[in-house]
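Position in the sequence shown counted from 1, then plus 19, gives you this note's numbering.
Structure, as structure tokens:
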Amino acid sequence: RITPESPLCDLTLRELGELKGIYRFVVTAIQRGSGTIIPRGDDTIQAGDRIFVVAHQNDLPAIQYMLEQKEEKTSRRPRAFVLGGGHIGMHVAIDLEALGYDVRVIDRDQKRCEQISARMKRALVIHAEGTDIQILLDEGIATADFFIAATENDESNILCSLLARHHGVRRTLTLVNQPELLNLAPSLGIDACLSPRIAAAGAILKYVRRGQVISIATIEGSNAEVLELKAEPGSQAVGRELAGISFPEEAIVGAIVHDDSYEIPTGASVIEPGDRVVVFSLPGAVAKVEAFFSAS
Numbered sequence: 020r021i022t023p024e025s026p027l028c029d030l031t032l033r034e035l036g037e038l039k040g041i042y043r044f045v046v047t048a049i050q051r052g053s054g055t056i057i058p059r060g061d062d063t064i065q066a067g068d069r070i071f072v073v074a075h076q077n078d079l080p081a082i083q084y085m086l087e088q089k090e091e092k093t094s095r096r097p098r099a100f101v102l103g104g105g106h107i108g109m110h111v112a113i114d115l116e117a118l119g120y121d122v123r124v125i126d127r128d129q130k131r132c133e134q135i136s137a138r139m140k141r142a143l144v145i146h147a148e149g150t151d152i153q154i155l156l157d158e159g160i161a162t163a164d165f166f167i168a169a170t171e172n173d174e175s176n177i178l179c180s181l182l183a184r185h186h187g188v189r190r191t192l193t194l195v196n197q198p199e200l201l202n203l204a205p206s207l208g209i210d211a212c213l214s215p216r217i218a219a220a221g222a223i224l225k226y227v228r229r230g231q232v233i234s235i236a237t238i239e240g241s242n243a244e245v246l247e248l249k250a251e252p253g254s255q256a257v258g259r260e261l262a263g264i265s266f267p268e269e270a271i272v273g274a275i276v277h278d279d280s281y282e283i284p285t286g287a288s289v290i291e292p293g294d295r296v297v298v299f300s301l302p303g304a305v306a307k308v309e310a311f312f313s314a315s
């Protein structure tokens, strides 16, 4: 999120490109209020915007420093609280535990707590409501790295995420079943809102799109789509520098994968036949993007 004090505030994307030096990254989307912008060079970054960036992993520390998005260093295992021990919450907790997180699962149902405890190896299972702040404070929520609200109740997920944020959790992720609630996330201070319905729709769309679409996803809190496409021989996308092709408006190339390597693109980048290309697009431009990568 861009604050008024951010060095990026009031810069155009073209000016940012002149400042970023040797580090390659692409600003692929700007979330402004309830709208999403796929930026071009003369678009200006404003205070309150949320920007989405694609970059090489090795460059992230330097880019975060430049953007003044510093990560807090800690020697302990990252701690995650998962609210809700249902199907989604259980699998998230298991996966986080496998990744080495200090996991704490909260559920209001005693029987479900016993079932979760039997399946987890090291996680702490807490029989409590997500609004029982004193219990959560006693269990260390004030120093937690993540709070993941995954109950079946949207309002409870949002409220508990806000309470967790207020009491010191670094990042909050909230599950919502009503897609219209996704836009609440930026205005309320929730870091990410995810919808299982939208995720399922994306999986279905993957199979009804044209053949060159490998995968599809959405950007949380926005109406933008992330497409992974295969560049077909003879399509408009291949064989020319990006700066010299008329790429569809409201879409931008975020990354190019050549065999086993990938590239953060510049205007001089060239897409070759068979490359996999990650494109960020607004819904109205998706059909044009698909046609651009197709030889038919």
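We treat Cβ as the ideally placed atom computed from N, Cα and C, and that holds for glycine.
Here the structure is a predicted model, which means the values were calculated and not measured.
Kindly indicate which residue of P302, S313, S315, F312 has the alpha-carbon position closest to the one of I57. P302
Boundaries (first-last residue) of the alpha helix (DSSP H) holding R131: 129 to 138
How should A183 be labelled, buried or exposed, when 16 other C-beta atoms within 10 angstroms of its C-beta is the threshold for buried? buried
If you measure between the beta carbons of A304 and P252, is that distance less than 8 angstroms? no
Note down, one range per segment and in chain order, each alpha helix (DSSP H) of at least 4 residues found wholly within the stretch 111 to 199. 129 to 138, 152 to 157, 173 to 185
With H, G and I counted as helix, E and B as strand and the rest as coil, what does DSSP make of E244? strand
Would you call the CB atoms of I275 and I290 closer than 8 angstroms? yes
Assign A66 to buried or exposed, taking buried as 16 or more other Cβ atoms, counted over all protein chains shown, within 10 Å of its Cβ. exposed
For Q51, list the residues DSSP reports as bridge partners. Going by the sequence as given, residue 51 is Arg instead of Gln. In the DSSP output, where bridge partners are listed per residue, R51 has G54.
Could you spell out the range, first to last residue, of the beta strand (DSSP E) harbouring E282? 280 to 282
Give me the residue from D128, R141, R131, L155 with the minimum Cα distance to I113. R141
Which residue from Q197, N196, S214, G187 puts its Cα closest to that of G208? G187
Got a sec, what are the start and stop residues for the alpha helix (DSSP H) F311 sits in? 305 to 311
Just to confirm my understanding: we take C28, look at its own chain, exclude 5 residues before and 5 after, and list those with CB closer than 6 angstroms. What are they? I21, A66
Using a threshold of 8 angstroms, state whether the C-beta atoms of I135 and D126 are closer than that. yes
Less than 8 angstroms between the beta carbons of R138 and F165, yes or no? no
Can you tell me the Cα-Cα spacing of G36 and L102, whole angstroms? 41 angstroms
Rounded Cβ spacing between A81 and R43 (contact assumed at less than 8 angstroms): So it is not a contact: roughly 11 angstroms between Cβ atoms.
For A250, is the classification buried or exposed, using 16 other Cβ atoms within 10 angstroms of its Cβ as the cut-off for buried? buried
By the three-class DSSP mapping on this structure, what secondary structure does G293 have? coil
Can the beta-carbon of R59 be found closer than 8 angstroms to that of L32? yes
What residue from T162, L200, D157 has the CA that sits closest to L178's CA? L200
Taking 8 angstroms as the threshold (beta carbon to beta carbon), is I21 in contact with chain C? No chain C is part of this structure, which consists of one protein chain only.
Coarse secondary structure for L207, derived from DSSP in three states: helix
Is the beta carbon of C132 closer than 8 angstroms to that of G104? yes
I'd like to know whether the C-beta atoms of F312 and L248 end up nearer to each other than 8 angstroms. yes
In chain order, what residues of the same chain lie with their CB nearer than 6 angstroms to the CB of K307, ignoring the 5 residues before and after it? P267
Is the Cβ-Cβ distance between T193 and S206 less than 8 angstroms? no
Per-residue DSSP class, three states only, for L213: strand
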